[in-house]
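Notes for the one structure printed next.
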Amino acid sequence: MLLTISNLSKAFGDNQVLSGVSLTMHRGDKWGLVGANGVGKSTLIKIVVGEVEPDAGTAELAVGIQVGYLPQVLAAGDTLTVDELLARAQEHVHTIEAQLRGLEARMAGSDDS
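Here's what the structure looks like:
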């Protein structure tokens, strides 16, 4: 299980955008989040990534799973292209990969005898 959402609810004032949402995602699953404007799609994602607290219920990611998303509205004054935004989002992955390659090289060259 990668993600479990149980009985999730969220309202903004009198506007109930999520009510009793439950789902489980497993490795290999493919999901689409479709709905009209204002029905809670972005709110659901923001709850999953910890940006918004639900009024009720839980959203739990499996250990080691990270979720990234590109918000509909970017920060004021942000003039980056989509390609630049996606590249920026991957910078930490490239850093970690380089660190792992260095560690592998050091381990391959070590002599434990």
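So the number in our numbering is just where the residue sits in the sequence shown, counting from 1, plus 10.
C-beta atoms are modelled at their ideal positions from N, C-alpha and C, and glycine is treated no differently.
What you are looking at is a predicted structure, and each value in this text was computed from that prediction instead of being measured.
- Proximity to P81 across G74, A72, L95, L71 peaks at L95, based on C-alpha coordinates.
- V27 has no beta-bridge partner at all, per DSSP.
- Closest in alpha carbon position to G38, among G23, M11, G60, is M11.
- Where K20 is concerned, there is no enclosing alpha helix (DSSP H), although the beta strand (DSSP E) around it starts and stops at 13-22.
- Taking the Cα positions, I55 is about 24 Å away from T89.
- When the alpha-carbon of Y79 is set against those of E70, S16, G60, A115, the nearest one is in G60.
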